[in-house]
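Remarks on the structure that follows.
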Amino acid sequence: MPLIAPSILAADLGRLDREIAAVERAGADWIHIDVMDGHFVPNLTMGPAVVEACRRLTRLTLDAHLMVDNPDRFVEPFARAGADVISFHREVVDDPEPLLRQIEGAGCKAAIAINPDTPIETVSPYIDRAAMLLVMSVHPGFAGQAFIPEALPKLRALRDLKQRTGSTCLLEVDGGIKADNCSEVVAAGADVVVSGSGIFGQPDYAAVIAAMKDGA
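In the numbering used here, each residue carries its 1-based index in the sequence shown increased by 160.
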């Protein structure tokens with residue numbers, strides 16, 4: 161059964177306390193927080209203050225996804241704010257190792273993300289090193305995009321690599337996932353499923369999260 165991580169990018173931020181309480185009651189496992197700098201991706205979103213607010217509202221795992229050009233500048237502020245997991249993009253670093261160490265040194269689990277056009281060979285050497293690998297199934301920047309099916313063979317390849325190596329690295333998928341396609345990504349190997357409008361855009365959060373878990 162996958163871990164379900166509602167992305168608050170699609171939530172009503174004016175009612176953030178009620179939104180987080182609602183998805184927690186509905187069975188969410190993590191809260192996913194999309195951090196965009198307006199440079200690596202065109203949108204500009206949330207800072208450490210939002211993570212700090214979430215930390216006061218819930219004990220669920222807070223998953224901070226740094227879609228930024230200079231992730232090393234963001235690690236300490238987000239760790240201090242209460243993030244449990246911090247992911248950065250492979251596309252913005254030549255060598256992930258220093259950043260993995262920085263995140264771990266800040267007391268968080270370290271994850272590496274890749275965009276849809278980035279080959280998995282850029283992250284597969286870290287399957288025994290990172291706590292999690294995040295496969296984007298949309299081009300990052302905005303909520304509500306359609307799922308890109310090319311993410312499925314990437315997940316399968318990483319799942320097979322995990323099985324061959326005995327790795328405990330989690331595989332996360334993010335983008336365009338709803339109740340009707342969640343089973344596909346879980347069958348392909350996803351351990352953590354991020355969903356924004358697939359949850360927050362629906363009238364019954366509990367029914368959607370249950371369908372995502374039960375359908376898997």
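Think of the CB as a built atom: it goes at the ideal place given N, C-alpha and C, for glycine as much as any other residue.
**Asked** How big is the Cα-Cα spacing for Lys-314 and Val-295?
**Response** Here residue 314 refers to the residue found at position 154 when the sequence shown is read from its first residue. Here residue 295 refers to the residue found at position 135 when the sequence shown is read from its first residue. Lys-314 and Val-295 have their C-alpha atoms roughly 8 Å apart.
**Request:** Measure the Cβ-Cβ separation of Met-372 and Ile-164 and say whether it is below 8 Å.
**Result:** Taking the sequence shown and counting its residues from 1, one reaches residue 372 at position 212. Taking the sequence shown and counting its residues from 1, one reaches residue 164 at position 4. The answer is yes: Cβ separation under 8 Å.
**Asked** In terms of DSSP beta bridges, what is Glu-332 paired with?
**Response** Within the sequence shown, the letter at position 172 stands for residue 332. Glu-332 is bridged to Leu-294 and Val-352.
**Message:** Rounding to the nearest angstrom, what Cα-Cα distance links Val-228 and Ala-273 in this structure?
**Reply:** If you number the sequence shown from 1, residue 228 lands on position 68. If you number the sequence shown from 1, residue 273 lands on position 113. Each residue's CA atom was taken as its position, placing Val-228 and Ala-273 some 11 Å apart.
**Message:** DSSP has His-225 in a bridge; who is on the other side?
**Reply:** Reading the sequence shown from its first residue, position 65 is the one you call residue 225. Paired residue(s): Asp-194 and Ser-247.
**Request:** Take the Cβ of Glu-257 as the centre, count every other Cβ of all protein chains shown within 10 Å, and call the residue buried at 16 or more, exposed below.
**Result:** For the purposes of this step, residue 257 is taken as the residue at position 97 of the sequence shown. Classification of Glu-257: exposed, given that the 10 Å Cβ count is below 16.
**Request:** Identify which residue in Ala-339, Arg-216 and Asn-341 has its Cα closest to the Cα of Ile-180.
**Result:** Translated into positions along the sequence shown, residue 180 becomes position 20. Distances from the alpha-carbon of Ile-180 to those of Ala-339, Arg-216 and Asn-341 put Arg-216 closest.
**Request:** Could you spell out where the beta strand (DSSP E) holding Ile-164 opens and where it closes?
**Result:** For the purposes of this step, residue 164 is taken as residue 4 along the sequence shown, with counting starting at 1. Segment 163–166, the beta strand (DSSP E) holding Ile-164.
**Prompt:** Does DSSP put Lys-373 in a helix, a strand or coil?
**Reply:** Locating residue 373 in the sequence shown gives position 213, where the first residue counts as 1. In the structure shown, Lys-373 adopts helical secondary structure according to DSSP, grouped into three states.
**Item:** Continuous alpha helix (DSSP H) stretch holding Ile-359: start and end
**Value:** On the sequence shown, residue 359 is found 199 positions in, with the first residue counted as 1. Element bounds for Ile-359: 357–360.
**Asked** So, Ile-369 versus Ala-188, is the Cβ gap smaller than 8 Å?
**Response** Position 209 of the sequence shown, counted from the first residue, corresponds to residue 369. Position 28 of the sequence shown, counted from the first residue, corresponds to residue 188. Yes, Cβ-Cβ distance for Ile-369 and Ala-188 is below 8 Å.
**Asked** Given Glu-184, which residues of its chain have a CB within under 7 Å of its CB, disregarding the five upstream and five downstream residues?
**Response** Stepping through the sequence shown from its first residue, residue 184 is reached at position 24. Thr-218 and Leu-220.
**Item:** C-alpha distance - Gly-207 paired with Cys-268, whole-angstrom precision
**Value:** Position 47 of the sequence shown, counting from 1, holds the residue named residue 207. Position 108 of the sequence shown, counting from 1, holds the residue named residue 268. Across the structure, Gly-207 and Cys-268 are spaced so that their CA atoms are roughly 17 Å apart.
**Request:** Provide the residue span of the alpha helix (DSSP H) that contains Ala-311, from first to last.
**Result:** Stepping through the sequence shown from its first residue, residue 311 is reached at position 151. Looking at the DSSP string, the run of the alpha helix (DSSP H) that includes Ala-311 is 311–325.
**Message:** Can you list, in chain order, the residues of its chain with a C-beta nearer than 7 Å to that of Cys-342? Leave out the 5 residues immediately preceding and following it.
**Reply:** Here residue 342 is taken as the residue at index 182 of the sequence shown, counted from 1. Closer than 7 Å at the Cβ level, and outside the excluded window around Cys-342, lie Val-353, Met-372, Gly-375 and Ala-376.
**Asked** Is there at least one Cβ from chain D nearer than 8 Å to Ile-280's Cβ?
**Response** Of the protein chains in the structure, only one exists, and it is not chain D.
**Request:** Return the CA-CA distance between Ser-357 and Gly-304, expressed in angstroms with no decimal places.
**Result:** Working through the sequence shown from its first residue, we reach residue 357 at position 197. Working through the sequence shown from its first residue, we reach residue 304 at position 144. Between the alpha carbons of Ser-357 and Gly-304 lies a distance of about 6 Å.
**Item:** Local conformation of Ala-239 per DSSP, three classes
**Value:** Reading the sequence shown from its first residue, position 79 is the one you call residue 239. Helix at Ala-239.
**Prompt:** Where Arg-250 and Gly-242 are concerned, what is the direct C-alpha to C-alpha distance, given to the nearest angstrom?
**Reply:** As a first step, residue 250 is located in the sequence shown; it is residue number 90 there, counting from the start. As a first step, residue 242 is located in the sequence shown; it is residue number 82 there, counting from the start. Distance between the alpha carbons of Arg-250 and Gly-242: 23 Å.
**Prompt:** Is the beta carbon of Leu-312 less than 8 Å from the beta carbon of Ser-284?
**Reply:** Position 152 of the sequence shown, counted from the start, is the residue given in the question as residue 312. Position 124 of the sequence shown, counted from the start, is the residue given in the question as residue 284. Cβ atoms of Leu-312 and Ser-284: not closer than 8 Å.
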